[in-house]
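>
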Amino acid sequence: MPADAAPGAKHAAPTPESVEVADDAPLTQRTAKKAAATAALRDVDPVPGSKKPDPILVADGVVRRFGGLTAVDVEHVEIQRGSITALIGPNGAGKSTFFNLLTGFDKPDEGTWSFNGQSLAGVASHKVARRGMVRTFQLTKALSRLTVIQNMLLGATGQRGEGFLSAIIPPLWRSQEKANTERAEELLRRFKLDKKRDDFAGTMSGGQRKLLEMARALMVGPEMVMLDEPMAGVNPALTQSLLHHVKDLREDGMTVLFVEHDMDMVRDISDWVMVMAQGRLIAEGPPDEIMANDAVIDAYLGGHHDAPLSLEEEEAQIAAAEAELRESKEQGR
Ligand code: ADP
Ligand code: MG
Numbered sequence: 047m048p049a050d051a052a053p054g055a056k057h058a059a060p061t062p063e064s065v066e067v068a069d070d071a072p073l074t075q076r077t078a079k080k081a082a083a084t085a086a087l088r089d090v091d092p093v094p095g096s097k098k099p100d101p102i103l104v105a106d107g108v109v110r111r112f113g114g115l116t117a118v119d120v121e122h123v124e125i126q127r128g129s130i131t132a133l134i135g136p137n138g139a140g141k142s143t144f145f146n147l148l149t150g151f152d153k154p155d156e157g158t159w160s161f162n163g164q165s166l167a168g169v170a171s172h173k174v175a176r177r178g179m180v181r182t183f184q185l186t187k188a189l190s191r192l193t194v195i196q197n198m199l200l201g202a203t204g205q206r207g208e209g210f211l212s213a214i215i216p217p218l219w220r221s222q223e224k225a226n227t228e229r230a231e232e233l234l235r236r237f238k239l240d241k242k243r244d245d246f247a248g249t250m251s252g253g254q255r256k257l258l259e260m261a262r263a264l265m266v267g268p269e270m271v272m273l274d275e276p277m278a279g280v281n282p283a284l285t286q287s288l289l290h291h292v293k294d295l296r297e298d299g300m301t302v303l304f305v306e307h308d309m310d311m312v313r314d315i316s317d318w319v320m321v322m323a324q325g326r327l328i329a330e331g332p333p334d335e336i337m338a339n340d341a342v343i344d345a346y347l348g349g350h351h352d353a354p355l356s357l358e359e360e361e362a363q364i365a366a367a368e369a370e371l372r373e374s375k376e377q378g379r
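In my numbering, the protein residues as written are 47 to 379.
(1) Taking leucine 18 as the reference, which of Gly135, His172 and Asn137 has the closest Cα?
(2) I believe proline 154 touches valine 108 by the beta-carbon criterion, under 8 angstroms. Please report the beta-carbon distance rounded to the nearest angstrom.
(3) Could you check whether the region 325-335 touches the region 293-300, counting it as contact only if at least three pairs of C-beta atoms, one from each stretch, sit closer than 8 angstroms?
(4) Would you say the beta carbon of aspartate 274 is closer than 7 angstroms to some non-hydrogen atom of the ligand MG?
(5) Determine the closest residue to asparagine 197 out of Gly168, Ala78 and Asp244, with distance taken between C-alpha atoms.
(6) May I ask you to check if the CB of lysine 153 is nearer than 7 angstroms to at least one heavy atom of the ligand ADP?
(7) Roughly how many angstroms separate the alpha carbons of lysine 242 and leucine 192, rounded to a whole number?
(8) Which class does glycine 248 belong to by DSSP, given the choice of helix, strand or coil?
(9) May I ask whether a heavy atom of the ligand MG can be found less than 7 angstroms away from the beta carbon of glutamine 324?
(10) Helix, strand or coil for histidine 172? Go by DSSP, reduced to three states.
(11) So if DSSP puts isoleucine 381 in a beta bridge, which residue, or which two residues, is it bridged to?
(12) Nearest to asparagine 281 by alpha carbon, out of Gly253, Ala261, Asp274 and Asp308?
(13) Compare the C-alpha of valine 93 against each of Glu358, Gln324, Gly113 and Trp318 and name the closest.
(14) Alpha carbon to alpha carbon, how far is alanine 329 from valine 312? Give it in angstroms, no decimals.
(15) Could you check if methionine 270 is buried or exposed, using at least 16 other CB atoms within 10 Å of its CB as the buried criterion?
(16) Using a 10 Å radius around the Cβ and a threshold of 16 neighbouring Cβ atoms, would you call glutamine 126 buried or exposed?
(17) Using the beta-carbon count (16 or more within 10 Å), is leucine 264 buried or exposed?
(18) Taking 7 angstroms as the cut-off, is the CB of leucine 115 close to at least one heavy atom of the ligand ADP?
(19) Excluding five sequence neighbours on each side, which residues of the same chain lie with their C-beta closer than 6 angstroms to the C-beta of aspartate 119?
(20) Where does methionine 179 sit, in a helix, a strand or coil, going by DSSP?
(21) Under a Cβ-count criterion, where at least 16 other Cβ atoms within 10 Å of its own Cβ denotes burial, should serine 380 be classed as buried or exposed?
(22) What beta strand (DSSP E) runs, 3 residues minimum, are completely inside the region 257-301?
(23) State yes or no: is the C-beta of phenylalanine 304 nearer than 7 angstroms to some heavy atom of the ligand ADP?
(24) Out of Ile130, Ile102, Ala323 and Val266, state which residue places its alpha-carbon closest to the alpha-carbon of leucine 200.
(25) Does the pairing of the region 97-105 with the region 160-174 give three or more beta-carbon distances under 8 angstroms?
(26) Taking all protein chains shown into account, decide if leucine 239 is buried (16 or more other Cβ within 10 angstroms of its Cβ) or exposed.
(27) Cα-Cα, which of Gly138, Phe246, Lys98 and Glu232 is closest to threonine 131?
(28) Quick check: does the Cβ of lysine 256 come within less than 7 angstroms of any heavy atom belonging to the ligand MG?
(29) Tell me glycine 36's beta-bridge partners as DSSP assigns them.
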């Protein structure tokens, strides 16, 4: 286990200083945590619910029903500290709902889960954030009619959501405002949003809003960041930049769990992949193994993967076409 990621470590996450060093650090240093994550996961069984050497998050029997529909039914899951784990699965699989449950934005019907060994069941979302676990949303929650810097400062309160306005006045807030503003400006520079500091969030592109949301999530100095479809609606010009930012979170010692439909991104950045379908965790393993598993891709991602046909698949298709031709010729006779 890396020394800077001990269980229960408070705010192991980056200070603004470490954020600044990050961009110019040598490449070897920038990929050290990837190597560590790969090594830590090497001997993990690629089966749903498998034990991890150093889990930061552990969930048991988490069930969420909406009327007759069981949206989430996760028996056991462990997320390895310091890794980037992708959560994939078709629309409606329960991925966003699972994120909501873990981060206190929704309550399960059953189940327990703990973060750094401490139970989070029944803990409100802003307190979950202060304990070091934050999330971003599939549909960005950046508030259009607030400026970029105002959105950032809200992040410091720990994701109170839209009802926060009544809560931002207390003296505690004022005394911390200067430190928070400095941290916010540092993060805006890191995400290259500093020129937008005083623009309304509503004037920014979808991709910039995604970046803003990621930056805002870092205001509490989290140990774990959960990203719900960070690439959705992002202009290709910003895609690479977003990918780098996600990798940087790991290099700065954070644990990342993200939902994404873009399989290229999943393959590129994840150390581990989990597959959800109909509320259940149905597979997990290293990206190559999961992605090579056509059955997983076909059955759970709707079968429209873009991978080129294998030789066998191509031959089978040609054989089928020839058989059809023969049949129609024979019928024509
Ligand atoms: P995913 O993020 O994997 O696409 P979701 O977690 O959004 O899936 O949804 C899982 C299932 O739960 C879907 O069938 C969805 O319609 C249903 N669902 C999600 N939220 C609610 C809600 N608030 N009320 C009723 N049904 C919901
Ligand atoms: Mg979703």
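In this text, a Cβ means the ideal position worked out from N, Cα and C, and glycines have one as well.
Predicted model only: the values in this text are computed from it and were never measured.
Checking against the coordinates, here is how it stands:
(1) Residue 18 lies beyond the stretch modelled for the chain, which goes from 47 to 379, so this question has no answer here.
(2) 5 angstroms
(3) Flag = no, the region 325-335 and the region 293-300 do not touch.
(4) yes
(5) Asp244
(6) No, since every heavy atom of the ligand ADP falls outside the 7 angstroms radius drawn around the Cβ of lysine 153.
(7) 12 angstroms
(8) helix
(9) Incorrect: glutamine 324 has no Cβ contact closer than 7 angstroms to the ligand MG.
(10) It is helical.
(11) Limits of the chain in this structure are 47 at one end and 379 at the other, which puts residue 381 out of reach.
(12) Here the closest residue by C-alpha is Gly253.
(13) Trp318
(14) The straight-line gap separating the alpha-carbon atoms of valine 312 and alanine 329 is approximately 15 angstroms.
(15) buried
(16) buried
(17) buried
(18) yes
(19) Excluding positions up to five away in sequence, the list reads Val109, Gly325 and Arg326.
(20) strand
(21) In this structure the chain extends from 47 to 379, so residue 380 is not present and cannot be described.
(22) 270-274
(23) Checking the Cβ of phenylalanine 304 against the ligand ADP gives no.
(24) Val266
(25) Yes: the two stretches touch, three or more of their Cβ pairs being nearer than 8 angstroms.
(26) buried
(27) Closest by C-alpha distance to threonine 131, out of Gly138, Phe246, Lys98 and Glu232, is Lys98.
(28) no
(29) Residue 36 is absent from the structure shown; the chain starts at 47 and stops at 379.
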